[in-house]
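Please read the structure below before turning to the comments.
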Amino acid sequence: MKNNPDVLRSPDSFHRQTECPPKNEAFFEALTKNAGHIILVLNKNAAFTYVNPAVETILGYRPEELIGTSAFQYVHPPELEKTLKEFEYTLLTNRVRIPFTFGILHKNGTLRILEGGGVNLLSDPAVKGIILNLRDATDRMKAEAELSQYRKHLEDFVEKRTQDISRINAQLIKELDERKAIEQALLESEEKYRHFIEN
162 MKNNPDVLRS PDSFHRQTEC PPKNEAFFEA LTKNAGHIIL VLNKNAAFTY
212 VNPAVETILG YRPEELIGTS AFQYVHPPEL EKTLKEFEYT LLTNRVRIPF
262 TFGILHKNGT LRILEGGGVN LLSDPAVKGI ILNLRDATDR MKAEAELSQY
312 RKHLEDFVEK RTQDISRINA QLIKELDERK AIEQALLESE EKYRHFIEN
């Protein structure tokens, strides 16, 4: 089989001759529609203005169900106050990535943990919103929590066993001291008895 000179190029020449797809609106639309993580755009009132299709896979909602609704109505209630403060902080920034981790209620009512970041692009005429890139961290955080619980259980077990061993050791020392005292008393008694017999 003959070597094809078009295929066997150096990595540099291959890189230079590779055609890049045009960066047009259709290109970026295809990227967001096929992304494996959630991409959201919120207005200054935290209403959804754009939601990519990944939201249905991760949270069960169709994008059109969310458009126009407030993001805060889906936040896990115990985390609502914290999430409001983070959103207010994001409103005060401009083009700065702010990290987020919060609980969101899946359409079926279960809790999902999302993590990622948000960037305030309200001043950008092409976006006019806050972009959030979020991934589902539920399984990882659940595994971390289980690992932490197992580690705590193991530490408690080791501490209890150490206490048990210390208690047993103290008991053995006490019994040994008592036995030594008895042996000493016997020796003294024998000595007195022998002395008595000899005299």
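Numbering (my numbering), first residue to last: 162 to 360.
Here a beta-carbon is modelled for each residue, glycine too, at the ideal position from N, C-alpha and C.
Whole-angstrom distance between residue j and residue i, CA atom to CA atom
i      : j      : result
ILE199 : PRO286 : 22 Å
ARG301 : SER231 : 27 Å
PRO224 : GLU217 : 7 Å
LEU295 : SER309 : 24 Å
PHE357 : GLN345 : 18 Å
THR323 : GLN332 : 14 Å
PHE261 : ILE291 : 13 Å
GLU316 : LYS335 : 28 Å
GLY264 : ILE219 : 13 Å
Range of the contiguous beta strand (DSSP E) that encloses residue i
i      : result
PHE161 : The question about residue 161 has no answer here: the residues shown for the chain are numbered 162 through 360.
LEU295 : 290 to 297
VAL280 : 272 to 282
Endpoints, the alpha helix (DSSP H) within which residue i is located
i      : result
LEU241 : 241 to 253
THR210 : No alpha helix (DSSP H) holds THR210; the beta strand (DSSP E) holding it covers 209 to 212.
Neighbour-count burial assignment, residue i, 16 or more Cβ in a 10 Å radius
i      : result
GLY197 : exposed
THR244 : buried
ASN213 : buried
ARG273 : buried
VAL257 : exposed
LEU337 : exposed
ALA191 : exposed
ASN281 : buried
ALA215 : buried
Cβ contact (3+ pairs, closer than 8 Å) linking the region 324 to 336 and the region 245 to 256 | no
Are there three or more Cβ pairs, one per stretch, closer than 8 Å when the region 200 to 207 is compared with the region 227 to 245?
-> Yes, they touch.
Can you check the region 292 to 334 for any beta strand (DSSP E) of at least 3 residues that lies completely inside it and give the ranges in chain order?
-> Counting whole runs of 3 or more residues, the region 292 to 334 contains no beta strand (DSSP E) stretch at all.
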